[in-house]
Structures are given as C-alpha cells and as structure tokens.
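Numbering (the working numbering), first residue to last: 4 to 232.
For every residue, glycine included, the Cβ atom is placed at its ideal position computed from N, Cα and C.
Remember, predicted model here, so these are calculated numbers, not experimental data.
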C-alpha cells in the first residue's frame with residue numbers, strides 16, 4: 004500500500020496533488036507544530052508583476068502550537084475577492100471559481116479542519132480519491148518525533164511504500180524504512196509550462212493557477228507529470 008503523510012497547506016502547488024494522486028492513502032499531518040512563514044496558511048497566485056502572495060488570516064498562530072489547535076482569524080472575503088480579480092479572465096474561471104468560493108465561504112474556523120475540507124473539495128474536482136486519514140485520529144505513539152513518528156504511522160496503516168515530496172530527502176533515510184520492509188521514494192514533479200496570461204510562464208504557483216488555465220482533462224494529464232526516485 005502506497006502512503007503519503009503531509010501537513011495541510013493552503014491551495015498547495017501541483018506537486019502536492021501529484022503526491023496525493025500517486026498514493027493509495029493520504030494522511031493529513033495535523034498534530035505537528037505550525038510553521039511560521041511556511042505554506043500552511045499562504046501560497047502564491049499569478050499577480051500583475053509575477054508571483055503574488057495570498058494569506059489566510061489566523062488567530063494567535065505560533066510555532067509552539069499544533070496545527071489542529073489554531074483558529075482562522077476571520078472571514079475570507081478579501082482573499083476571495085483577490086482571487087476573483089486576478090483570474091476573472093482566465094479560460095476556466097467559470098468552472099473553477101465556484102470551487103474556490105465554496106472553500107473560502109466554508110464556516111469552519113479550526114485551521115486543520117478547514118484545510119482538510121479544502122483539500123477534499125479540490126481533490127473531488129480533480130477526481131483524486133485516495134483513502135484519507137487524519138494524523139491526530141490515529142492510535143500512534145505521540146511522543147515520537149520526525150522519522151520515527153512517520154514510521155509508526157506507516158506501521159499502523161500497513162504501508163509498504165512511503166512516498167514524500169522532494170524536501171523530505173533531508174529528513175528520511177531509505178535504510179530506516181527498508182529495515183521495516185517499507186520502500187521509500189520521493190516524487191519529482193516535472194516542470195511543465197502551460198499558457199497563462201502573458202508570454203512568460205510563471206512556475207511554482209498554487210494549484211488554483213493550474214486549474215484556472217487548464218480544463219479537467221489537462222489537469223489530470225499534469226497530475227501525471229512526475230517521476231519517483
């Protein structure tokens with residue numbers, strides 16, 4: 004069974020959804036510390052001068068708090084308006100904007116549950132359907148940290164193949180997984196340019212950008228543009 008474990012991010016980039024597509028089961032890692040300046044509550048969209056940062060406002064967010072204990076800091080009206088103004092002339096705005104609107108109008112104020120709802124909603128649009136788990140609901144040893152905690156989750160769910168994004172190469176060692184009869188791989192997204200508003204392709208943006216400029220068939224093709232190493 005192929006498994007991935009990732010913190011929930013706001014409108015993650017294409018590689019995050021490639022990872023979800025590549026596995027049989029996906030664990031939302033919600034009982035780890037919030038990372039200030041990371042991607043849990045912010046991401047990039049296409050702005051008039053290139054990458055434009057968007058941020059989900061939070062209440063009292065701190066690296067000393069777990070993701071699932073943090074609350075959203077208010078309505079998302081401004082964020083929704085920014086996305087609408089940015090992409091209103093994109094070719095698939097009519098299909099995609101209601102998905103984004105549904106997410107940002109969701110009344111959940113717990114950050115973790117809100118982001119899970121967001122991921123499920125986008126995956127439903129993209130027709131990605133792994134088995135979903137929430138880390139805080141699993142019966143693991145919560146004293147464990149880092150690689151040991153990931154290995155414990157793999158053992159609980161019966162994973163035979165653990166797949167992570169490229170950033171995990173400095174965190175996880177193949178020998179440690181092999182000793183538990185688990186294959187360890189890292190997903191390497193291929194850089195694939197698609198038509199945006201201008202002539203120059205701006206990479207590394209949120210999945211929102213991918214969806215606004217590609218129909219569902221094109222999105223499914225892009226979701227397969229990776230290799231495992």
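Proximity below 8 Å, CB of residue 168 to CB of residue 13:
Residue 168 sits at position 165 when you count from the first residue of the chain shown. Residue 13 sits at position 10 when you count from the first residue of the chain shown. Result no, Cβ atoms of residue 168 and residue 13 do not sit closer than 8 Å.
Just to check my reading of the structure: residue 95 and residue 210 have Cβ atoms closer than 8 Å, yes? What is that Cβ distance to the nearest angstrom?
By one-based count along the chain shown, residue 95 stands at place 92. By one-based count along the chain shown, residue 210 stands at place 207. Their Cβ separation, rounded to whole angstroms, is 13 Å, which puts residue 95 and residue 210 out of contact at 8 Å.
Taking the continuous beta strand (DSSP E) assigned at residue 188, which residues delimit it?
Numbered from its first residue, the chain shown carries residue 188 at position 185. That run of the beta strand (DSSP E) goes 186-192.
For residue 148, three-class secondary structure by DSSP:
For this step, residue 148 is matched to residue 145 along the chain shown. Here residue 148 sits in coil by DSSP.
How would you label residue 158, buried or exposed, when you count the other beta carbons within 10 angstroms and need 16 or more for buried?
As a position in the chain shown, residue 158 is number 155, starting the count at 1. Burial call: exposed.
Reduced DSSP secondary structure (H/G/I, E/B, other) of residue 204
The count along the chain shown starts at 1 and reaches residue 204 at position 201. The answer is coil: DSSP assigns residue 204 none of H, G, I, E or B.
So, residue 43 versus residue 74, is the Cβ gap smaller than 8 Å?
For the purposes of this step, residue 43 is taken as the residue at position 40 of the chain shown. For the purposes of this step, residue 74 is taken as the residue at position 71 of the chain shown. Not a contact, by the Cβ cut-off of 8 Å.
When 225, 182, 108, 69 are compared against residue 79, the one with the closest alpha-carbon:
Locating residue 79 in the chain shown gives position 76, counting from the first residue. Ranking the options by Cα distance to residue 79, first place goes to 108.
Return the CA-CA distance between residue 93 and residue 179, expressed in angstroms with no decimal places.
The residue given as residue 93 occupies position 90 in the chain shown. The residue given as residue 179 occupies position 176 in the chain shown. So the alpha carbons of these two residues sit roughly 46 Å apart.
Only counting runs of 3 or more residues, tell me where the beta strand (DSSP E) segments fall wholly within the segment 33-120, in order along the chain.
45-50, 53-58
Determine whether the beta carbon atoms of residue 27 and residue 134 lie at a separation below 8 Å.
Sequence index remark: in the chain shown, residue 27 carries index 24 (1-based). Sequence index remark: in the chain shown, residue 134 carries index 131 (1-based). It is a contact, given that the beta carbons lie within the stated cut-off.
In this structure, does DSSP put residue 12 in helix, strand or coil?
The residue you call residue 12 lines up with position 9 of the chain shown. Residue 12: coil per DSSP, three-state reduction.
Cross-strand partners of residue 137 (DSSP beta bridge)
Taking the chain shown and counting its residues from 1, one reaches residue 137 at position 134. 31, per the DSSP bridge assignment.
Residue 165 lies in the beta strand (DSSP E); which residues open and close that run?
Taking the chain shown and counting its residues from 1, the one referred to as residue 165 is at position 162. Run containing residue 165: 164-167, per the beta strand (DSSP E) assignment.
Please work out which residues of its chain come closer than 8 Å, Cβ to Cβ, to residue 53, disregarding the five sequence neighbours upstream and downstream, and give them in chain order.
As a position in the chain shown, residue 53 is number 50, starting the count at 1. Cβ within range, chain order: 205.
State the start and end residues of the unbroken beta strand (DSSP E) segment that holds residue 229.
For this step, residue 229 is matched to residue 226 along the chain shown. 229-231 is the span of the beta strand (DSSP E), which, as asked, contains residue 229.
Relative to the ligand GTP, is the shortest distance from any of its heavy atoms to the C-beta of residue 154 smaller than 7 Å?
Inclusion of the ligand GTP in the displayed structure is not the case, the ligand content being empty and no account of it being possible.
Closest to residue 189 by C-alpha separation, out of 171, 145, 150, 31, would be which residue?
Stepping through the chain shown from its first residue, residue 189 is reached at position 186. Of 171, 145, 150, 31, the residue nearest in Cα terms is 171.
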